[in-house]
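*Asks:*
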Amino acid sequence: MMNRFIWIFLLLLVLINSPFAEMNSDIDILAEEFVPFLAAEDFNNAYQKFDQTMKNALPLKKLEETWKSVIYQCGNFKRQASLRRETNRQFRIVIVLTEFEKAVLDIKVVFNADNEISGLFFAPGQMSPGERRTGISLSKHNRERS
613 MMNRFIWIFL LLLVLINSPF AEMNSDIDIL AEEFVPFLAA EDFNNAYQKF DQTMKNALPL
673 KKLEETWKSV IYQCGNFKRQ ASLRRETNRQ FRIVIVLTEF EKAVLDIKVV FNADNEISGL
733 FFAPGQMSPG ERRTGISLSK HNRERS
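Residue numbers (the working numbering): 613 to 758.
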């Protein structure tokens, strides 16, 4: 009897967590695709990923100015090194650790329930020795540049 309970519990656990794992995987992919839009200065495609609130807060021209300011301060974009996730009540957050010529940055991409970008933040990042040697190259842009 106890053995059956354990199996039922494990089955429920797998069924409950599967959609969440898929949702997190989706935002990982979206974040990995978003950063190369910025790196390629394809601001129109990057802007299309924003929700309406974000479009109002960071218009296309301002997005372009922001990215160019990052490049001015940090040098040219080199690569995405790793991803990590955070969650709060309303939003799912992917932090893309990126390497530039003169700096390492965390690009925090915040997603709403509809997988639209509802926040974008740049902060100093730090690479581990392993991240210095390897990087994620899952996006088309990174494969072409590697």
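Ideal placement from N, C-alpha and C gives every residue a C-beta, glycine not left out. Note that the structure is a prediction, hence the values are computed from the model and not measured.
Confirm, please, whether the CB-CB distance from E728 to F649 is below 8 Å.
*Replies:* For F649 and E728, no; Cβs fall outside 8 Å.
*Asks:* Name the residue from V706, E644, W679 and F712 whose alpha carbon lies nearest to the alpha carbon of K720.
*Replies:* Minimum Cα distance to K720 is reached at V706.
*Asks:* Is Q702 a contact residue of the ligand HEM, with contact defined as CB to any heavy atom under 7 Å?
*Replies:* The model depicted lacks the ligand HEM and carries no ligand whatsoever.
*Asks:* Per DSSP, which residues does P671 bridge with? Please list them.
*Replies:* For P671, which the question treats as bridged, DSSP gives no partner whatsoever.
*Asks:* Out of M739, R704 and E645, which one is the CA nearest neighbour of A715?
*Replies:* Looking at the Cα atoms, M739 is the closest of the given residues.
*Asks:* Tell me the rounded alpha-carbon separation between I683 and T710.
*Replies:* Spanning the two alpha carbons is a distance of roughly 12 Å.
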